[in-house]
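Chemist: 182 is the number of the first residue of the sequence shown in my numbering; add one for each residue after it. Input: one structure, supplied below.
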Amino acid sequence: MARSPIFHIQNVGDLPLDLNTGIHDGHTGSVPIVHTLNAFNKIAAEKQVPLISPEEIETLNQERPLTNPQPSDIVPVTEYGTRIYLRRRADPTRVTVFEGGHESLPIPACRWLSKQRRKTEWVKSER
(Lines of atoms letter the chains of each structure in order from A and count residues from 1; the text may use other names and numbers.)
(Lines give C-alpha, C1' and ligand atoms only; values in the text may rest on other atoms or scores of the structure.)
Protein backbone atom coordinates (compact mmCIF):
# COMPACT_ATOMS: atom_id res chain seq x y z
CA MET A 1 0.00 0.00 0.00
CA ALA A 2 2.92 2.39 0.61
CA ARG A 3 3.58 2.50 -3.16
CA SER A 4 0.08 3.81 -3.79
CA PRO A 5 -0.08 7.33 -5.27
CA ILE A 6 -2.85 8.19 -2.81
CA PHE A 7 -0.25 8.96 -0.12
CA HIS A 8 1.23 11.77 -2.22
CA ILE A 9 -1.98 13.41 -3.43
CA GLN A 10 -2.19 15.93 -0.59
CA ASN A 11 0.99 17.58 -1.95
CA VAL A 12 -0.33 18.08 -5.49
CA GLY A 13 -2.07 21.46 -5.28
CA ASP A 14 -2.82 22.62 -8.84
CA LEU A 15 -0.05 20.56 -10.43
CA PRO A 16 -1.29 18.78 -13.59
CA LEU A 17 -1.22 15.00 -13.09
CA ASP A 18 -1.64 12.27 -15.68
CA LEU A 19 -2.43 9.06 -13.80
CA ASN A 20 -2.18 5.88 -15.86
CA THR A 21 -2.67 2.22 -15.12
CA GLY A 22 -2.89 -0.90 -17.21
CA ILE A 23 -6.06 -2.92 -16.78
CA HIS A 24 -3.94 -5.98 -15.91
CA ASP A 25 -1.86 -4.13 -13.30
CA GLY A 26 -1.98 -5.92 -9.98
CA HIS A 27 -2.68 -9.16 -11.83
CA THR A 28 0.48 -9.24 -13.97
CA GLY A 29 2.10 -6.19 -12.34
CA SER A 30 2.99 -5.19 -8.84
CA VAL A 31 0.55 -2.35 -8.12
CA PRO A 32 -3.19 -3.02 -8.15
CA ILE A 33 -5.25 -0.86 -10.51
CA VAL A 34 -7.38 0.35 -7.60
CA HIS A 35 -4.47 2.39 -6.22
CA THR A 36 -4.52 4.69 -9.25
CA LEU A 37 -8.32 4.89 -9.40
CA ASN A 38 -8.60 5.68 -5.68
CA ALA A 39 -5.95 8.39 -6.03
CA PHE A 40 -7.94 9.96 -8.87
CA ASN A 41 -11.13 9.77 -6.80
CA LYS A 42 -9.45 11.63 -3.95
CA ILE A 43 -8.58 14.47 -6.35
CA ALA A 44 -12.03 14.36 -7.98
CA ALA A 45 -13.73 14.62 -4.57
CA GLU A 46 -11.63 17.67 -3.67
CA LYS A 47 -12.54 19.28 -7.01
CA GLN A 48 -16.20 18.27 -6.61
CA VAL A 49 -16.42 16.38 -9.90
CA PRO A 50 -17.93 12.90 -10.40
CA LEU A 51 -15.96 10.01 -8.97
CA ILE A 52 -15.22 6.68 -10.60
CA SER A 53 -17.94 4.54 -9.03
CA PRO A 54 -17.18 1.51 -6.85
CA GLU A 55 -18.94 -0.63 -9.49
CA GLU A 56 -16.71 0.75 -12.25
CA ILE A 57 -13.60 0.18 -10.14
CA GLU A 58 -14.65 -3.41 -9.42
CA THR A 59 -15.37 -4.09 -13.11
CA LEU A 60 -11.97 -2.76 -14.17
CA ASN A 61 -10.26 -4.60 -11.31
CA GLN A 62 -11.73 -7.82 -12.72
CA GLU A 63 -10.02 -6.94 -16.04
CA ARG A 64 -13.33 -6.34 -17.80
CA PRO A 65 -14.48 -3.36 -19.90
CA LEU A 66 -17.12 -1.05 -18.47
CA THR A 67 -20.70 -1.97 -19.36
CA ASN A 68 -21.81 1.69 -19.43
CA PRO A 69 -18.75 3.78 -20.26
CA GLN A 70 -18.93 7.56 -19.99
CA PRO A 71 -18.46 9.58 -23.22
CA SER A 72 -14.94 10.52 -22.04
CA ASP A 73 -14.05 6.81 -21.79
CA ILE A 74 -14.59 6.25 -25.50
CA VAL A 75 -11.25 7.20 -27.03
CA PRO A 76 -11.04 5.93 -30.63
CA VAL A 77 -7.33 6.30 -31.41
CA THR A 78 -4.73 7.36 -28.91
CA GLU A 79 -1.05 7.96 -28.62
CA TYR A 80 -1.03 4.91 -26.36
CA GLY A 81 -1.40 2.67 -29.40
CA THR A 82 -3.79 0.42 -27.48
CA ARG A 83 -7.34 0.26 -26.17
CA ILE A 84 -8.48 2.74 -23.54
CA TYR A 85 -10.96 1.38 -21.00
CA LEU A 86 -11.49 4.54 -18.96
CA ARG A 87 -10.49 8.19 -19.22
CA ARG A 88 -11.72 10.78 -16.75
CA ARG A 89 -10.73 14.30 -15.82
CA ALA A 90 -10.66 16.39 -12.67
CA ASP A 91 -8.83 19.34 -14.16
CA PRO A 92 -5.92 19.58 -14.32
CA THR A 93 -5.71 15.85 -13.52
CA ARG A 94 -6.47 13.05 -15.96
CA VAL A 95 -6.69 9.30 -15.35
CA THR A 96 -6.46 6.62 -18.03
CA VAL A 97 -6.90 2.84 -17.83
CA PHE A 98 -5.33 1.23 -20.88
CA GLU A 99 -4.79 -2.29 -22.24
CA GLY A 100 -1.59 -3.35 -20.53
CA GLY A 101 0.03 -4.07 -17.22
CA HIS A 102 2.46 -2.27 -14.93
CA GLU A 103 4.50 -0.44 -17.51
CA SER A 104 6.01 2.91 -18.34
CA LEU A 105 4.59 4.96 -21.21
CA PRO A 106 7.02 7.89 -21.47
CA ILE A 107 6.02 9.17 -24.93
CA PRO A 108 2.30 9.70 -24.23
CA ALA A 109 3.13 11.03 -20.76
CA CYS A 110 5.57 13.61 -22.13
CA ARG A 111 3.16 14.61 -24.91
CA TRP A 112 0.39 15.22 -22.39
CA LEU A 113 2.70 17.12 -20.06
CA SER A 114 3.98 19.33 -22.89
CA LYS A 115 0.41 20.59 -23.43
CA GLN A 116 -0.12 21.61 -19.82
CA ARG A 117 0.06 25.23 -18.69
CA ARG A 118 0.20 26.49 -15.17
CA LYS A 119 0.60 30.06 -14.01
CA THR A 120 3.81 30.50 -12.07
CA GLU A 121 5.58 33.46 -10.55
CA TRP A 122 9.23 33.99 -11.30
CA VAL A 123 11.24 36.15 -8.94
CA LYS A 124 14.63 37.37 -10.04
CA SER A 125 17.18 36.60 -7.37
CA GLU A 126 19.43 39.32 -6.04
CA ARG A 127 23.09 38.48 -6.44
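Virtual Cβ for every residue (Gly too), placed ideally from N, Cα, C.
Nearest-angstrom Cα distance between Asp254 and Val193?
Modeler: Here residue 254 refers to the residue found at position 73 when the sequence shown is read from its first residue. Here residue 193 refers to the residue found at position 12 when the sequence shown is read from its first residue. Cα to Cα, the separation comes out at about 24 Å.
Chemist: Kindly confirm or deny that the region 279-297 and the region 233-249 touch, where touching means at least three C-beta pairs closer than 8 Å.
Modeler: Judged by Cβ distances under 8 Å, the region 279-297 makes no contact with the region 233-249, as fewer than three pairs qualify.
Chemist: What does the alpha-carbon distance come out to for the pair Gln243 and Leu196?
Modeler: Numbered from its first residue, the sequence shown carries residue 243 at position 62. Numbered from its first residue, the sequence shown carries residue 196 at position 15. If you take the alpha carbons of Gln243 and Leu196, they lie about 31 Å apart.
Chemist: Could you give the distance in angstroms between the alpha-carbon of Pro252 and the alpha-carbon of Asp199?
Modeler: Position 71 of the sequence shown holds residue 252. Position 18 of the sequence shown holds residue 199. Spanning the two alpha carbons is a distance of roughly 19 Å.
Chemist: According to DSSP, what are the bridge partners of Arg269?
Modeler: By 1-based counting over the sequence shown, the position of residue 269 is 88. For Arg269, which the question treats as bridged, DSSP gives the partners Val276.
Chemist: Starting from the Cα of Ile187, find the closest Cα among Thr217, His205, Pro213, Asp206 and give me that residue.
Modeler: As a position in the sequence shown, residue 187 is number 6, starting the count at 1. Residue Thr217 is the option with its Cα nearest to Ile187.
Chemist: May I have a chain-ordered list of the beta strand (DSSP E) segments no shorter than 3 residues that lie completely inside the region 187-225?
Modeler: Fully enclosed beta strand (DSSP E) runs of 3 or longer: 199-203.
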